[in-house]
Amino acid sequence: YSARLQLDFGQTGTTASAHAEASLVRHPFVHGSIPYPSYFVAESTVMRRNSVNPDWTSDTHSSEVYGAFSTSPVTANGMLFKDAGCELVASAIVNVHCPDGSWETKQLTRNWVGCGR
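For the sequence shown, the positions run 20 to 136 when our numbering is used.
The structure is reproduced here in structure tokens:
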């Protein structure tokens, strides 16, 4: 299997944004058939805050899948106005219960303090 974890950060003159995606796909280099994962959870989160709104605000989405791969990525987004207290955190996680009974977790998280100011 391949965990597909993607984080994108962007900015304009006045705003900063983050986007997170998580999914589980068939490994592109595996030949032949492989068993589907027994179960997995994909989760994406974007948290944001700035001086005007110092408390964290988050956008979190997750998907539980049994006996299949992802049909589409789980996504989260966040945007805010840039200022001295601007901070964005994006995270993508896939937790897989494999057919042999083992568990595998992959996570990608990045913080953007200052948001390009």
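Backbone N, C-alpha and C define an ideal beta-carbon position, used for all residues, glycine too.
Helix, strand or coil at residue i according to DSSP, with G and I counted as helix
{"i": "phenylalanine 28", "result": "strand"}
{"i": "aspartate 74", "result": "coil"}
{"i": "histidine 38", "result": "strand"}
{"i": "alanine 87", "result": "coil"}
{"i": "phenylalanine 59", "result": "strand"}
{"i": "leucine 48", "result": "Per the sequence presented here, residue 48 reads as phenylalanine, with leucine not at that position. Of the three classes helix, strand and coil, the one that applies to phenylalanine 48 here is coil, per DSSP."}
{"i": "threonine 33", "result": "coil"}
{"i": "glycine 120", "result": "coil"}
{"i": "glycine 97", "result": "strand"}
{"i": "asparagine 114", "result": "strand"}
{"i": "alanine 103", "result": "coil"}
{"i": "arginine 23", "result": "strand"}
{"i": "arginine 68", "result": "strand"}
Reference residue i, options the options, closest by Cα
{"i": "phenylalanine 100", "options": "Leu26, Ala35, Asp27", "result": "Ala35"}
{"i": "threonine 128", "options": "Gly120, Val108, Pro118", "result": "Val108"}
{"i": "proline 56", "options": "Gln126, Pro118, Asn130", "result": "Pro118"}
{"i": "alanine 39", "options": "Gly51, Ser91, Phe48", "result": "Ser91"}
{"i": "histidine 116", "options": "Cys105, Tyr85, Asp102", "result": "Tyr85"}
{"i": "aspartate 74", "options": "Gly133, Gly104, Gly29", "result": "Gly104"}
{"i": "leucine 24", "options": "Arg136, Glu62, Tyr58, Gly32", "result": "Glu62"}
Beta bridge counterpart(s) of residue i as assigned by DSSP
{"i": "histidine 80", "result": "Ser63"}
{"i": "arginine 129", "result": "Ala109"}
Inter-residue CB distance, residue i and residue j (contact presumed, cutoff 8 Å)
{"i": "threonine 124", "j": "alanine 95", "result": "That belief does not hold up - the Cβ atoms of threonine 124 and alanine 95 are roughly 18 Å apart, past 8 Å."}
{"i": "valine 60", "j": "serine 81", "result": "6 Å"}
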